[in-house]
Amino acid sequence: MKFVGVTSCPTGIAHTYMAAEALEQAAKAAGHEMVVETQGSAGSAPLDQSVIDAADAVIFAHDLEVRDAGRFAGKPTVDVGVKKGISDAPALIAQAVAAAQAQTGAAGAGAAGTSGAAGPLHFVGVTSCPTGIAHTYMAAEALEQAATSAGHTMTVETQGSAGSEPISQAEIDRADAVIFAHDLEVRDAGRFAGKPTIDVGVKKAISDGPALIAQAAAMAAQRRASGGVAAAAPAAATPGLASKAAADEAHVGVKIRQWLMTGVSYM
């Protein structure tokens with residue numbers, strides 16, 4: 053894919069150029085092309101409009117208002133601060149890929165007259181860890197935040213000792229894709245049958261949430277474009293591990309997750 057971007061920083065030129073370099077290198081490492089326009093006191097030659105028009109997506113990593121932002125109108129856009137461009141460039145490239153693929157998939161589905169119309173994608177997932185609850189909730193939080201950053205929505209069911217509210221079958225049925233980030237067997241996995249699914253360990257979600265969301269978006273966009281229809285939802289089964297005891301623990305689990313992630317945010 054081809055990307056364009058703008059970087060800027062009000063306090064000097066170092067961060068502006070560091071972000072541009074990080075983004076261009078991350079794009080190259082992922083097999084894409086990227087050209088960045090640096091803005092600020094040092095300035096740079098503005099991107100040619102033909103280069104912008106050919107781009108699949110745009111990344112703004114800036115702490116100053118983007119000059120002539122209208123040039124990029126209509127392009128899938130990732131918009132973050134300049135420091136994010138330096139520290140998390142690969143994830144931003146992954147988000148740009150997902151945004152571009154989602155737009156392409158939605159357009160293809162619309163042209164084909166399918167019901168998979170434009171709009172944000174919705175994902176569901178399950179996280180679990182056998183050694184405690186911290187990784188379970190950190191993975192869930194990482195996935196939900198990555199989905200939000202990419203313009204999508206996601207609901208994660210945390211499984212394990214703390215428990216959580218099981219995702220409703222109606223929400224699973226409307227999901228575009230599923231992400232399992234788990235080190236324990238997924239309870240009642242048959243609920244998710246027929247959905248595009250990514251299956252990784254729990255630590256992968258913590259360390260690489262944006263890339264997993266990008267993969268899920270690509271799978272969902274491809275399915276939308278091809279007019280794929282999910283398999284029929286399985287008949288409701290007798291609850292197994294998701295027993296009454298787990299349900300009784302659900303509200304406690306949700307509270308624990310909130311407390312835990314509040315603490316993590318201050319680390």
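The opening position of the sequence shown corresponds to residue 53 in my numbering, with each subsequent residue numbered one higher.
Using N, Cα and C, we set each Cβ at its ideal position, and we do this for glycine too.
Kindly indicate the opening and closing residues of the alpha helix (DSSP H) around residue i.
i	result
V134	V134 to S139
T200	A186 to S201
I224	Q221 to R226
Within the continuous beta strand (DSSP E) that includes residue i, where are the two ends?
i	result
T207	T205 to T210
A245	Per DSSP, A245 belongs to no beta strand (DSSP E) and is neither H nor E.
I250	T249 to V252
A233	A229 to H234
V56	K54 to S60
T179	H174 to S180
Within a Cβ cutoff of 7 Å, which residues of the same chain sit near residue i, ignoring the five residues on either side of it in sequence?
i	result
S167	Residue placement at S167 is flagged as unreliable, the pLDDT there being 39, under the threshold of 50; the coordinate-derived value follows with that caveat. Around S167: no qualifying Cβ.
G212	S180, C181, I185, T188 and L236
Can you tell me which of the options puts its alpha carbon nearest to the alpha carbon of residue i?
i	options	result
M190	E209, D240 and T90	E209
I265	A241, P142, A222 and I138	P142
V149	D108, T200, K80 and H204	D108
S60	A106, S259 and H114	H114
A125	I104, R243, D100 and S201	I104
D100	F112, D120 and A82	D120
F175	V87, A273, E117 and S102	A273
Q77	S96, G64 and V56	V56
V254	G203, V238 and I145	V238
Q221	I258, D240 and T205	D240
For residue i, I'd like the list of residues in its chain whose CB is within less than 6 Å of its CB, leaving aside the five on either flank, ordered along the chain.
i	result
A26	No answer is possible for residue 26: the residues shown for the chain start at 53 and end at 319.
A268	F175, A229, I231 and I250
V281	Confidence in V281 is poor, its pLDDT being 47 and thus under 50, which makes the residue's placement unreliable; the coordinate value appears in the next sentence. Hits under 6 Å: none found.
For this session: Determine, using beta-carbon pairs with one atom in the region 133-152 and one in the region 63-83, whether at least three such pairs fall under 8 Å.
Result: yes
Exercise. Quick one: any contact between the region 220-235 and the region 246-255, if contact means 3 or more CB pairs under 8 Å?
Worked result: yes
Problem set entry | Entirely enclosed beta strand (DSSP E) segments - the region 73-160, minimum 3 residues | 85-90, 109-114 and 129-132
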